[in-house]
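Structure first, commentary second.
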Amino acid sequence: MAGDNLHLASQGVSRRDFMKLCAALAATMGLSGKAAAEMAEAISHPQRPPVVWIGAQECTGCTESLLRATHPTVENLVLETISLEYHEVLSAAFGHQAEENKHHALEQYKGQYVLVVDGSIPLKDGGIYCMVAGEPIVDHIRKAAENAAAIIAIGSCSSWGGVAAAGVNPTGAVSLQAVLPGKTVINIPGCPPNPQNFLATVAHLITFGKPPALDSKNRPSFAYGRLIHENCERRPHFDAGRFAKEFGDAGHRQGWCLYHLGCKGPETWGNCSTLQFCDVGGAWPVAIGHPCYGCNEEGVGFHKGIAQLAHVENPTPRVEKPDVQLKEGGTVSATAVGLLGGVVGLVAGVGVMTVRELGRQQKKNDADSQGE
């Protein structure tokens, strides 16, 4: 313990701040305080798990987001603790020396390293649109993946193609999973993703030796298990039928729902509305007045038009109804009847307003389509 404290102090981080970080990462994944303690012990272990980070067709946004996380000194400590063996953007070396460093890391830590890839992988014309040291990036990635202990696709580009795969897709850009069939790739989409989701995933790998629970698209369920719409701070306005219709109008200034401005929250899975970014409060697009773009979701971000309306699976709020099932010959209590009546009235009132508004918009869209 004393040695750990000295190591923390040498990085300008107190034990208290380090434990706060571990608690935050555990909370992000919905884990207990015991898990936070286990995480702290694993992360501060002298045998640091090596990480090899390779960039393909990317803008370095994922790296920038991680480096500009809420507490830079603590996040830098984690980066040092996980032993970032190779990262093109952060590498002091370049050219042949950088390549030698990468090959040395892959050989020295064979079967132990975590491979992280950001950016889409171009396959058209033999992959010539992203070359490193005279070879297509896809070849570098496949070689690095052969002996990786875990593989993470960070960002929307690596997770499902992102902006490079939009439209005509001139470079034939694909996801990391597409070039690594048979491998388990943990996808952490977002443009950029919240750094806490990445750090929490890595911390889980370090602590428990396996990835966290994943959804059907291999995304960590703790981060992508709910629709953004479900926990959005503007959801009450959606339920009440209050929508901003133009940027800067009265509804927009009062914080009303941004659905009619093209918000993709109803069809995008993520914890953006609950985790947010930084410590300034309200630091995510919808909170500052811009519709969700759907960057977490394949087929939504960079594919749907900015003003195109999102598909709403559940236009009415989810309400748990009290159990009023009767046994034969039983009676219903006045309390249950009153409570159920209140719930039904609430759902009916809110639902009618919301569905009516959505119905008007759908009719307008149909009319516009016929006019075209």
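For the numbering used here, add 2 to where a residue sits in the sequence shown, where the first one is 1.
Just so it is clear, CB atoms sit at the ideal spot from N, CA and C, and this is done for glycine as well.
Just so you know, these numbers come straight off a predicted model, no measurement behind them.
Which residue's Cα is closest to the Cα of residue i: the options?
i      : options                        : result
Ile56  : Ile130, Ile153, Ala252, Leu69  : Ile153
Tyr111 : Ala205, Phe304, Ala151, Arg244 : Ala151
Cys297 : Cys274, Gly128, Val204         : Cys274
Cys193 : Asn103, Val53, Cys234, Phe304  : Phe304
Leu201 : Lys219, Cys64, Glu109          : Cys64
Gln59  : Arg70, Leu277, Gly163          : Gly163
Pro238 : Glu148, Tyr261, Ala94, Asn149  : Tyr261
Leu68  : Lys306, Pro195, Glu248         : Pro195
Thr276 : Asn199, Phe210, Ser218, Leu216 : Asn199
Glu148 : Glu90, Gly128, Leu125, Gly184  : Gly184
Asn220 : Ala246, Phe210, Glu300         : Glu300
Hey, residue i and residue j are a contact pair by Cβ (cut 8 Å); roughly how many whole angstroms apart?
i      : j      : result
Ile230 : Pro213 : 23 Å between Cβ atoms; not a contact.
Gln114 : Pro197 : About 23 Å; that fails the 8 Å criterion.
Ile123 : Val165 : That belief does not hold up - the Cβ atoms of Ile123 and Val165 are roughly 14 Å apart, past 8 Å.
Ile156 : Ile208 : About 16 Å; that fails the 8 Å criterion.
Val204 : Val116 : 7 Å
Go ahead and label residue i buried or exposed: buried means 16 or more other beta carbons lie within 10 angstroms of its beta carbon, across all protein chains shown.
i      : result
Gln179 : buried
Gln99  : exposed
Gln256 : exposed
Leu328 : Here the model assigns Leu328 a pLDDT of 49, short of 50, so the residue's position is not dependable and the matter cannot be decided.
Pro222 : buried
Thr270 : buried
Asp241 : buried
Glu66  : exposed
Thr186 : exposed
Gly340 : In this prediction, Gly340 scores a pLDDT of 46, lower than 50, which makes its location untrustworthy; the coordinate-derived value is nonetheless stated afterwards. Counting Cβ neighbours within 10 Å, Gly340 comes out exposed, since fewer than 16 surround it.
Pro74  : Here the model assigns Pro74 a pLDDT of 48, short of 50, so the residue's position is not dependable, and the following value carries that caveat. Under this definition Pro74 is an exposed residue.
Gln158 : According to the sequence shown, residue 158 is Ser rather than Gln. So Ser158 ends up on the buried side.
Glu137 : exposed
Phe279 : buried
Gly272 : buried
His206 : buried
Ala215 : exposed
Ala224 : Reading off the sequence shown, one finds Phe at residue 224, where the question assumed Ala. Result: buried.
Ala285 : exposed
If the criterion is Cβ atoms closer than 8 Å, does the pair residue i and residue j meet it?
i      : j      : result
Lys266 : Tyr226 : no
Ala146 : Leu92  : no
Leu263 : Pro287 : no
Arg244 : Cys259 : yes
Glu132 : Ile143 : The residue you asked about is not Glu; residue 132 is Cys in the sequence shown. No. Outside cutoff.
Asp120 : Ser160 : yes
Tyr88  : Val54  : yes
His254 : Gly307 : no
Distance cutoff 8 Å, beta carbons only. Does residue i sit that close to anything in chain C?
i      : result
Leu311 : Although the question refers to chain C, the structure presented lacks it and comprises just one protein chain.
Do residue i and the ligand COA come close, with the Cβ less than 7 Å from some heavy atom?
i      : result
Arg221 : Absence of the ligand COA from the depicted structure is noted, as is the absence of any ligand whatsoever, leaving it without description.
The segment 169-181 touching the segment 306-314, judged by at least three CB pairs closer than 8 Å: Judged by Cβ distances under 8 Å, the segment 169-181 makes no contact with the segment 306-314, as fewer than three pairs qualify.
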